[in-house]
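Q: Protein chains in written order, with the UniProt record's numbering: chain A, 1 to 96; chain B, 1 to 96; chain C, 1 to 96; chain D, 1 to 96.
4 protein chains.
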Amino acid sequence: MERLTGDLLPNETDQKILRRLKRIEGQVRGIQKMVEDKRYCVDILTQIAAVRAALDKVGLAVLEKHTHGCVQKAIKSGEGDAIIDELMDVINLFIK
Amino acid sequence: MERLTGDLLPNETDQKILRRLKRIEGQVRGIQKMVEDKRYCVDILTQIAAVRAALDKVGLAVLEKHTHGCVQKAIKSGEGDAIIDELMDVINLFIK
Amino acid sequence: MERLTGDLLPNETDQKILRRLKRIEGQVRGIQKMVEDKRYCVDILTQIAAVRAALDKVGLAVLEKHTHGCVQKAIKSGEGDAIIDELMDVINLFIK
Amino acid sequence: MERLTGDLLPNETDQKILRRLKRIEGQVRGIQKMVEDKRYCVDILTQIAAVRAALDKVGLAVLEKHTHGCVQKAIKSGEGDAIIDELMDVINLFIK
Numbered sequence: 001m002e003r004l005t006g007d008l009l010p011n012e013t014d015q016k017i018l019r020r021l022k023r024i025e026g027q028v029r030g031i032q033k034m035v036e037d038k039r040y041c042v043d044i045l046t047q048i049a050a051v052r053a054a055l056d057k058v059g060l061a062v063l064e065k066h067t068h069g070c071v072q073k074a075i076k077s078g079e080g081d082a083i084i085d086e087l088m089d090v091i092n093l094f095i096k
Numbered sequence: 001m002e003r004l005t006g007d008l009l010p011n012e013t014d015q016k017i018l019r020r021l022k023r024i025e026g027q028v029r030g031i032q033k034m035v036e037d038k039r040y041c042v043d044i045l046t047q048i049a050a051v052r053a054a055l056d057k058v059g060l061a062v063l064e065k066h067t068h069g070c071v072q073k074a075i076k077s078g079e080g081d082a083i084i085d086e087l088m089d090v091i092n093l094f095i096k
Numbered sequence: 001m002e003r004l005t006g007d008l009l010p011n012e013t014d015q016k017i018l019r020r021l022k023r024i025e026g027q028v029r030g031i032q033k034m035v036e037d038k039r040y041c042v043d044i045l046t047q048i049a050a051v052r053a054a055l056d057k058v059g060l061a062v063l064e065k066h067t068h069g070c071v072q073k074a075i076k077s078g079e080g081d082a083i084i085d086e087l088m089d090v091i092n093l094f095i096k
Numbered sequence: 001m002e003r004l005t006g007d008l009l010p011n012e013t014d015q016k017i018l019r020r021l022k023r024i025e026g027q028v029r030g031i032q033k034m035v036e037d038k039r040y041c042v043d044i045l046t047q048i049a050a051v052r053a054a055l056d057k058v059g060l061a062v063l064e065k066h067t068h069g070c071v072q073k074a075i076k077s078g079e080g081d082a083i084i085d086e087l088m089d090v091i092n093l094f095i096k
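(1) Report the rounded CA-to-CA distance for C:G59 versus A:Q32, giving the unit in angstroms.
(2) Starting from the C-beta of D:A50, find all residues in its chain whose C-beta is less than 8 Å away, skip the five residues before and the five after it, and write them out in chain order.
(3) Would you list, in sequence order, the uninterrupted alpha helix (DSSP H) runs of no fewer than 4 residues that lie entirely inside the region 20–69 of chain A?
(4) Do B:L21 and A:V35 have their beta-carbon atoms positioned less than 8 Å apart in this structure?
(5) In whole angstroms, what separates the C-alpha of D:R23 from that of B:I48?
(6) Would D:I83 pass as a contact of B:Q72 if the rule is Cβ separation under 8 Å?
(7) In this structure, how does DSSP classify A:E86 when only helix, strand and coil are distinguished?
(8) For A:D89 and B:T46, what's the separation of their Cα atoms in angstroms?
(9) Have a look at D:N11 and C:D37 and give me their C-alpha separation to the nearest angstrom.
(10) Rounded to whole angstroms, how far is the Cβ of D:I95 from the Cβ of B:I95, which I believe are closer than 8 Å?
(11) As a quick exercise: from A:D14, A:D81, A:K76, A:I75, pick the residue whose alpha carbon is nearest that of B:I44.
(12) With a cut-off of 8 Å, does the C-beta of C:I44 fall near any C-beta of chain A?
(13) Apart from the five residues on each side of it in sequence, which residues of its chain come closer than 8 Å, Cβ to Cβ, to B:V62?
(14) Got a sec: which bits of the region 30–55 of chain B sit with their beta carbon under 9 Å from any beta carbon on chain A, in order along the chain?
(15) Using a beta-carbon distance below 8 Å, is D:G68 in contact with chain C?
(16) Round the Cβ separation of B:E86 and A:V42 to the nearest angstrom and send it over; I've been treating them as touching at under 8 Å.
(17) How big is the Cα-Cα spacing for D:L93 and C:G30?
(18) Helix, strand or coil for A:G80? Go by DSSP, reduced to three states.
(19) If we ignore side chains and look at the alpha-carbon of each, how far apart do A:G78 and A:H66 end up?
(20) For B:I17, go through chain A and note every residue whose CB falls closer than 8 Å to its CB, in chain order.
(21) I want to see whether chain B comes within less than 8 Å of A:D14, judged by CB atoms only; does it?
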């Protein structure tokens with residue numbers, strides 16, 4: 001199955017995903033600062049949980065882009081089963 | 001309940017946590033590059049899941065440090081119930 | 001969007017899902033017995049985590065059946081976007 | 001470390017946990033019926049996610065009971081480290 005790159009969809013989706021990733025990068029640096037400053041562990045844990053939730057949102061945005069784009073295109077061209085199996089494997093990484 | 005800072009424990013734990021956070025920061029930048037390069041979405045998702053797993057490990061390391069340190073100290077000084085309730089609230093952020 | 005029932009796929013998938021659900025039902029009763037018998041909490045928690053993992057597997061099996069069946073059929077008949085949005089909403093229930 | 005049973009705490013907690021487990025058992029049977037009736041997969045998935053959330057709540061209730069009970073008692077009697085390590089292992093089952 002020829003791997004389709006993500007350029008099937010308007011760039012706006014990518015920009016949104018990139019902005020979120022930039023914010024997550026900043027949050028991770030913020031947590032590093034909290035650890036260096038010996039901040040209270042529960043406050044650090046709360047920040048880690050927030051980054052995790054933000055990361056899940058990015059994951060869902062990429063999943064949505066992929067399903068609307070590559071998956072839909074592959075199904076319409078008769079290659080649905082292989083790409084759906086691949087989709088399930090990657091969803092499994094997030095659910096387990 | 002007087003908030004105890006994390007300095008009850010040897011710095012080695014913090015160093016380990018900081019190294020992991022540095023690695024996660026690098027991984028997040030790597031994912032940004034993959035999005036900019038229009039890499040295949042499933043590969044991007046696999047990286048996001050890896051960062052999520054690494055983040056969970058950091059969370060558990062901080063949770064362990066907190067429980068062995070602040071929670072244990074508070075229980076020994078008779079302030080167990082309040083800090084345990086606080087512990088459950090933060091664990092809930094990771095489980096739900 | 002006309003809601004497609006699950007009969008697009010061979011019954012074997014449903015039988016497998018039903019067997020797993022029966023086993024989960026038994027496991028839940030087993031946990032009730034452990035609570036009644038005042039068994040050690042960590043042992044009870046280990047069983048709860050096992051049921052959770054089994055439930056996730058059932059969820060993935062149903063998700064797979066749905067994506068190979070209804071989602072694929074809707075995409076081929078030009079109704080892909082609506083059913084994909086619906087798919088993302090339900091995946092979100094499992095990821096968050 | 002002598003395994004402490006859960007009878008350190010009033011039975012009310014156990015009753016609440018048992019009621020929730022009974023409800024979960026009924027929900028699982030309800031999902032079986034939905035599969036047998038070939039109900040729409042997304043509706044089945046929504047129910048599975050609801051049972052998962054209910055299971056997490058039971059897990060947290062047992063975790064809370066254990067931490068307030070056995071963990072607190074073990075820490076006060078100088079056996080904190082071993083039971084905290086055990087606590088982290090079981091929390092890890094729920095987070096990963």
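Positions of the beta carbon are idealized from the N, C-alpha and C atoms, including for glycine.
A: Well, looking at it:
(1) Taking the third sequence and counting its residues from 1, the one referred to as residue 59 of chain C is at position 59. Taking the first sequence and counting its residues from 1, the one referred to as residue 32 of chain A is at position 32. Cα-Cα distance, rounded: 36 Å.
(2) Taking the fourth sequence and counting its residues from 1, the one referred to as residue 50 of chain D is at position 50. Result list for D:A50: Q27, in chain order.
(3) 41–66
(4) Position 35 of the first sequence holds residue 35 of chain A. Position 21 of the second sequence holds residue 21 of chain B. Yes, the Cβ-Cβ distance between A:V35 and B:L21 is below 8 Å.
(5) Stepping through the fourth sequence from its first residue, residue 23 of chain D is reached at position 23. Stepping through the second sequence from its first residue, residue 48 of chain B is reached at position 48. Their Cα atoms are separated by approximately 35 Å.
(6) As a position in the fourth sequence, residue 83 of chain D is number 83, starting the count at 1. As a position in the second sequence, residue 72 of chain B is number 72, starting the count at 1. Result no, Cβ atoms of D:I83 and B:Q72 do not sit closer than 8 Å.
(7) The residue labelled residue 86 of chain A in the question sits at position 86 within the first sequence. Helix, per DSSP.
(8) The sequence position of residue 89 of chain A within the first sequence is 89, counting from 1. The sequence position of residue 46 of chain B within the second sequence is 46, counting from 1. So the alpha carbons of these two residues sit roughly 10 Å apart.
(9) Start at 1 with the first residue of the fourth sequence, and residue 11 of chain D comes out as number 11. Start at 1 with the first residue of the third sequence, and residue 37 of chain C comes out as number 37. Taking the straight line from one Cα to the other gives about 12 Å.
(10) By 1-based counting over the fourth sequence, the position of residue 95 of chain D is 95. By 1-based counting over the second sequence, the position of residue 95 of chain B is 95. Yes, they are in contact, since the Cβ atoms of D:I95 and B:I95 sit about 7 Å apart, within 8 Å.
(11) For the purposes of this step, residue 44 of chain B is identified with residue 44 of the second sequence, where counting begins at 1. Nearest of A:D14, A:D81, A:K76, A:I75 to B:I44, Cα basis: A:D14.
(12) Sequence index remark: in the third sequence, residue 44 of chain C carries index 44 (1-based). No, its Cβ sits nowhere closer than 8 Å to a Cβ of chain A.
(13) To locate residue 62 of chain B, count along the second sequence from 1; it is residue 62. Within the same chain, Cβ atoms closer than 8 Å to the Cβ of B:V62 are found at I17, the five residues on either side in sequence being excluded.
(14) Answer set for the region 30–55 of chain B: I31, Q32, V35, E36, D37, K38, R39, Y40, C41, V42, D43, I44, L45, T46, I48, A49, A50, V51, R52, A53, L55.
(15) Counted from its first residue, the fourth sequence places residue 68 of chain D at position 68. As written in the sequence, residue 68 of chain D is His, which differs from the Gly given in the question. Not closer than 8 Å to any Cβ of chain C, the Cβ of D:H68 fails to qualify, so no.
(16) For the purposes of this step, residue 86 of chain B is taken as residue 86 along the second sequence, with counting starting at 1. For the purposes of this step, residue 42 of chain A is taken as residue 42 along the first sequence, with counting starting at 1. Sure, about 6 Å apart at Cβ, within 8 Å.
(17) What you label residue 93 of chain D is simply residue 93 of the fourth sequence in a count that begins at 1. What you label residue 30 of chain C is simply residue 30 of the third sequence in a count that begins at 1. Cα-Cα distance, rounded: 19 Å.
(18) Counting from 1 along the first sequence, the entry for residue 80 of chain A is found at position 80. Helix at A:G80.
(19) By one-based count along the first sequence, residue 78 of chain A stands at place 78. By one-based count along the first sequence, residue 66 of chain A stands at place 66. Rounded to whole angstroms, A:G78 to A:H66 spans 17 Å at the Cα level.
(20) Stepping through the second sequence from its first residue, residue 17 of chain B is reached at position 17. The contacting residues are V35.
(21) Translated into positions along the first sequence, residue 14 of chain A becomes position 14. Chain B contact via Cβ: present.
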